[in-house]
Amino acid sequence: MKKALKTLVVAAAMLLGTQAFGQVTFTFGYEQPSYSGDEISWNYNGFYTGILTQFNISDVVYFEPGLLFDMAFKDGDNISYLRLPLHIGAGMALGNGFDLFATAGPGLSVGLFGTDDPFDVYNRFDVNFGLEAGIRLNSKYEFRFGYDWGLLKAIDDTKVHRNIIHAGLAYCF
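In my numbering, the protein residues as written are 731 to 903.
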């Protein structure tokens, strides 16, 4: 737990330190993580919140690392993760202050805590691949919708993976 907390603090400091170089976005929303495979299917409901930072590569393409806190609930139990997406994005202006955008790329999830130490059952670490799309209004407000595929086994000796569907709002500074 202490190691995960240190990781969270260091990652947050690194992202916040980048504010002078790129656009910072605060985001929050609903998520539905699922653990499925090997005739197992557990769905949770939860929320995420965090920050994303954008670094322009060209007029259209950008790099968007982030630091997100996920918390999901099911039947009185909860489980929390720190999610670190490392996406490449592209945008397109539609006019009248509206832009479409999409991002894709790898990410890392680190389990932090939960009811009855869920990491006795689930693996604490996951590598994922995520896709996200959205619409931006006046370069300030965003609606985001995405999906992350877990690439590592969520439970040893099974084919169970952790996947997340999420939708949320964001404010760009």
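Each residue gets a CB set at the ideal place from its N, CA and C atoms; glycine is no exception.
Within the stretch 826-898, the beta strand (DSSP E) runs of at least 3 residues that lie entirely inside it are, in chain order, 828-844, 855-867 and 871-880.
As a beta-bridge residue in DSSP terms, Gly780 pairs with Thr757 and Leu798. Residue Ala823 holds the alpha-carbon nearest to the alpha-carbon of Gly864 among Ala823, Leu842, Asp887 and Tyr852. Selection Asn858, Glu872, Leu830 and Phe873 evaluated against Arg813 yields Asn858 as nearest (Cα-Cα). Judged by DSSP in its simplified three-state form, Ser810 adopts strand.
Put simply, of Thr888, Asp886 and Phe777 the residue whose alpha carbon is nearest the alpha carbon of Ile809 is Phe777.
Taking C-beta separations shorter than 8 angstroms and ignoring five residues to either side along the sequence, the partners of Lys889 in its chain run Gly767, Asp768 and Lys883, following chain order. Remark: fewer than three beta-carbon pairs, one from each stretch, lie closer than 8 angstroms, so the stretch 841-858 and the stretch 819-833 are not flagged as touching.
If you draw a straight line from the Cα of Val851 to the Cα of Asn893, it is about 16 angstroms long. Secondary structure at Val791: strand, using DSSP grouped into helix, strand and coil.
A residue is called buried when at least 16 other Cβ atoms come within 10 angstroms of its Cβ; Thr779 does not meet this threshold and is exposed.
Between Asn775 and Phe803, the beta carbon gap of about 6 angstroms places them in contact (Cβ cut-off 8 angstroms).
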